[in-house]
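Residue numbers (this note's numbering): 144 to 418.
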């Protein structure tokens with residue numbers, strides 16, 4: 144099959160978007176399109192300029208025998224603020240109030256378009272960080288974890304509250320919930336991670352951060368390293384937050400269950416260095 148340049152550009156762009164953070168040799172594209180490497184390089188220059196102009200991400204070229212190109216998804220500041228505004232608009236309705244100062248978010252977590260945008264925003268912030276695995280706690284953190292993993296091109300591991308026979312041998316720890324001060328349990332299959340891996344942990348909602356501390360302690364049991372923390376919504380809490388250096392998109396400033404009002408503001412994404 145003889146590929147026209149326009150066809151090569153479309154197919155090449157789609158392939159790069161589907162395999163972010165993966166080094167693709169120029170020979171792969173040259174053989175795929177039966178084209179000279181010089182032609183492929185020219186095509187990639189067009190894709191690179193378009194990605195950067197539209198704020199889609201950046202295309203990194205690596206030279207040498209093992210060189211190639213790698214697509215790094217990035218999100219412009221204006222797009223990040225648009226996602227924040229969308230989340231605040233959705234979460235600001237009084238009918239989302241739940242007992243204990245929580246918000247109903249299941250519909251948002253189940254919306255693939257919104258979650259994909261959230262995933263890209265967090266992936267953009269951690270684009271230059273070495274991350275091998277995304278970790279979250281079942282069940283509501285799973286959509287966020289998979290959305291981030293999609294744009295970082297890494298696997299997801301899910302921590303559970305109880306052991307499942309299908310998980311095989313597991314590691315279990317007890318931790319103190321930051322908001323309720325109750326002892327709770329986390330369980331993770333021994334096959335889930337390997338020692339030395341760098342892990343990004345994430346969840347949908349954080350009050351005092353007890354769950355995050357529990358996951359950090361679990362990482363230590365596996366000999367893994369914390370690479371970052373991503374939270375969709377954080378709540379202002381009277382007690383000191385138990386974790387440092389986390390990114391959030393929305394901050395739940397205050398709720399009034401009697402008046403059915405919700406006060407939201409932008410999270411600390413930009414304050415903590417998210418880009």
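Quick reminder that beta carbons are idealized off the backbone N, C-alpha and C, glycines included.
- If you look at residue 201, you'll find it in the beta strand (DSSP E) that goes 200-205.
- Contact between residue 216 and residue 198 does not hold, since their C-beta atoms are separated by about 10 Å, which reaches or exceeds 8 Å.
- Taking all protein chains in view, the Cβ of residue 241 is surrounded by fewer than 16 other Cβ atoms within 10 Å, so the residue is classified as exposed.
- By the Cβ criterion, the segment 401-413 is not in contact with the segment 279-293, since fewer than three pairs of Cβ atoms, one from each stretch, lie closer than 8 Å.
- Counting only the Cα atoms, residue 329 lies some 22 Å from residue 249.
- Contact between the segment 255-271 and the segment 334-341 is absent: fewer than 3 CB-CB pairs across the two stretches fall below 8 Å.
- The beta-carbon distance between residue 360 and residue 389, rounded to whole angstroms, is 16 Å. This is too long to meet the 8 Å contact definition.
- Scanning its chain for C-beta atoms nearer than 6 Å, with the 5 sequence neighbours on each side dropped, one finds around residue 348 the residues 376, in chain order.
- Distances from the CA of residue 306 to each of 411, 315, 414, 259 were compared; the closest alpha carbon is that of 315.
- Per DSSP, the continuous beta strand (DSSP E) segment holding residue 278 begins and ends at 276-280.
- The three-state secondary structure of residue 395, taken from DSSP, is strand.
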